[in-house]
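Okay, structure first, notes after.
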Amino acid sequence: MLQGLHKIPFILELFFNGSFILLFSGKSMGKIPAAWNKELITTLINAGGMIVPLVLLLSVVVNYVNAKSMDEFFRKHIFSIVVFIPLLITWGDVEFSFWLGSAHLLSSVLSLYDEGGKPKSERGSWFSQYEMFKGLKLGSAQLVLLSFSGVILIGTFLLMLPVSTTPGKVMSFIDALFMATSATCVTGLSTMSLENDFSLFGQIVILILIQVGGLSIMTLYASMALLMGNAMGMKERMNMQEILEVASLEELFSMIVSIMKYTFFIELWGAIVLTIGFTFEGYEFGSAIYYGFFHSISAFCNAGFALFDTSLESYSTKPLIHGTIMVLITMGGLGFIVIKELKEVVMGGKSIVRLGLHSKVVIVTSFILTIAGALFIFFGEFLHALDSYTVWEKVQISLFQSITLRTAGFSSIPLTNLNTYTLYAMTLFMFIGGSPGSTAGGIKTTTLAILYQSIKATLKGEKSVGIIDRKIPGPLVVRATAITFISIIVTSIFILVLMRLESDQGFLAIFFEVISASGTVGLSLGITPVLSVMGKIAIAALMLIGRIGPLTLLLAIAQRERSTGKFDYPDGRIMIG
């Protein structure tokens, strides 16, 4: 009796939810026989919308009772929880119940095949059940591409649900895909108004996509595995080592734990301060908390999404708000390795000269870029866009806009008011972006530093490239050059494509949009909402390329098994320059 208890929820789901799905599908397609009572059918469908969440609740409870441990429960039934929670929030929404109920019923049917055949003790992993997966070997680059693509598709589906938009608003597939891509790739470009077109549910979906995309799916997976005490396999560990660029398994686990800790505390700190700031601006405490947490996560993940149509222009001279945002953007753009070392300096008494080479390069380069950008904006717009502000307000706006260029995407001043040469200079900073191991995009600050030192060494006739009394390995210089060159080619191609697709837009607006998308910045001159369907698809693809990196994309597409044999060929000489 007890052994068959776990089958009861499936039987109920098949009968009740299956009947509801059939009736709803038949009514939607006009296939209900004319002789049937239409009022009764409508009543049954409405009742089904209420029953579907209850059946899933029973399924979750029974699975929890039968699970041997919490770890097993989450690993096997996480999908049921993910489906049940939004159903509970939107209880009674018939269309929402239909789509999620259908997805869960399909999952339940497929799980029967997974449980059948062999005894549980003799069954292998899920992939080992199917011959088609036996030869599938994914590298780290391919895992990154597939994981981001998967999350984007899930986000697109959720945003297309009626519950994600405000009453009277309908979101097309292209807009849902664009917004899901922008959020997952922490860009911030929007074809729809987050404030006016999205419901609370839709905004929360965007926020979850931002958090998932900002920390990367693989890192979140490893974090959850550690939290639930589930050890990762050797292949998974090796992939995570390559993604996070750590040398040993000890460093890997230490890095994952650090990422979890720092993300939680930094975003919590930012949310608290921003809540106070929005409260001072007249918001009710509940609204202030929501605005505080949303913008804290968006800023730390360098996403640039704001719950205001004018971004943060209304708070350009409110230091408590824009100052906190600047700190969050900077912390998110430095990278977790640098944050960890800075913590040891501040709290552990570690001398700043003892920082690692990576941290030194990131901090120095980031500082120079931030100050250079602020000075350029300050003097370039002193008597133009910033003319109506006081000197102190000009300093605030210039510094904020310089920091947000580092792939964050918030704006504190209308960009269309800026001089064309200022906008062009901004694209250079957007192209560079943040630092490796961070939530930022771009070619990265370390790449710029290596290229600068490489050029300097070439001009001085030196045979090796060095930074701060350290020699940079040749393959690292080649990789930095490749990343920069590929990024230039990719952005150039997309500029040509957008010029063809959006012929009614000016060159500067298209150029700015493409650089912003490739660097996952999110700033725009206002052409994003009016892009054509093909233009939106092109920008969405570019945002994905910019988030995972053009070099990673090429590796993911071209990755093959390496040959076991190695050959050393004679040196060849080619004239260059």
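One point on numbering: in our numbering, the residue at position 126 of the sequence shown is 759, and numbering is uninterrupted.
For glycine and all other residues, C-beta sits at the position ideal for the given N, C-alpha and C.
From a predicted model like this one, the values you see are computed outputs, not experimental measurements.
| Check | Outcome |
| --- | --- |
| Selected residue, minimal CA-CA separation from residue 961, among 896, 1181, 826 | 896 |
| Residues that residue 789 bridges to, as DSSP identifies them | DSSP lists no partner for residue 789. |
| Where the alpha helix (DSSP H) through residue 1099 begins and ends | That residue, residue 1099, is in no alpha helix (DSSP H); its beta strand (DSSP E) goes 1098-1100. |
| Simplified DSSP state of residue 1091, which is helix, strand or coil | helix |
| Nearest to residue 848 (by Cα), restricted to the options 698, 1176, 936 | 936 |
| Sequence-distant residues of its chain with Cβ nearer than 6 Å to residue 921 (five each side left out) | 908, 911, 912 |
| Residue range of the alpha helix (DSSP H) that includes residue 987 | Here residue 987 belongs to no alpha helix (DSSP H), and DSSP marks it neither H nor E. |
| Given residue 1135 as reference, the closest of 1048, 655, 959, 1170 once Cα atoms are compared | 1170 |
| For residue 798, three-class secondary structure by DSSP | strand |
| Three-way DSSP call (helix, strand, coil) for residue 1039 in this model | coil |
| Continuous alpha helix (DSSP H) assignments of at least 4 residues falling wholly in the segment 798-839 | 806-817 |
| Minimum length 4: unbroken alpha helix (DSSP H) runs contained in the segment 702-746 | 703-722 |
| Three-state secondary structure assigned by DSSP to residue 892 | helix |
| Alpha-carbon spacing of residue 887 relative to residue 1020, whole angstroms | 49 Å |
| Spatial neighbours of residue 757 in its chain, beta-carbon cut-off 7 Å, leaving aside the 5 residues before and after | Confidence at residue 757 is low in this model, with a pLDDT of 42, below 50, so its placement is unreliable and the value that follows should be read with caution. There are no such residues. |
| Inter-stretch contact at 8 Å, needing at least 3 Cβ pairs: the segment 1045-1053 / the segment 934-954 | yes |
| C-beta atoms of residue 738 and residue 651 nearer than 8 Å | yes |
| Three or more C-beta pairs below 8 Å linking the segment 1069-1085 and the segment 995-1003 | yes |
| Nearest-angstrom beta carbon gap, residue 1078 and residue 1087 [assumed within contact, 8 Å] | Contact flag wrong, Cβ pair sits at about 15 Å. |
| Rounded straight-line distance, which links the Cα of residue 695 to that of residue 705 | 13 Å |
| Local Cβ density within 10 Å of residue 1059, reported as buried at 16 or more and exposed below that | buried |
| Outcome for residue 715 when other beta-carbon atoms lying within 10 angstroms are tallied against a minimum of 16 | exposed |
| Stretch-stretch touch, CB-based, cutoff 8 Å, three pairs: the segment 810-822 with the segment 834-843 | yes |
| Status (buried if at least 16 other CB within 10 Å, exposed otherwise) for residue 918 | exposed |
| Contact check, residue 1076 vs residue 1064, beta carbons under 8 Å | yes |
| Beta-carbon gap between residue 1010 and residue 1029 smaller than 8 Å | no |
| Host beta strand (DSSP E) of residue 922 (start-end) | Here residue 922 belongs to no beta strand (DSSP E); instead the alpha helix (DSSP H) covers 918-933. |
| Start and end residues, alpha helix (DSSP H) containing residue 665 | Taken as a continuous stretch (DSSP letters only), residue 665 belongs to no alpha helix (DSSP H), as it is neither H nor E. |
| CA nearest to the CA of residue 646, picked from 666, 685, 984 | 685 |
| Local conformation of residue 983 per DSSP, three classes | coil |
| Check whether residue 689 and residue 720 have beta carbons under 8 Å apart | yes |
| Sequence-distant residues of the same chain with beta carbon closer than 6 Å to residue 953, five excluded per side | 910 |
| Inter-residue spacing [alpha-carbon to alpha-carbon] between residue 824 and residue 901 | 29 Å |
| Member of 796, 1107, 1180 whose CA lies at the smallest distance from the CA of residue 589 | This structure does not reach residue 589, given that the chain is present from 634 up to 1210, and the question cannot be answered. |
| Any non-hydrogen atom of the ligand MG within 7 Å of residue 825 CB | This structure simply doesn't include the ligand MG, nor any ligand for that matter. |
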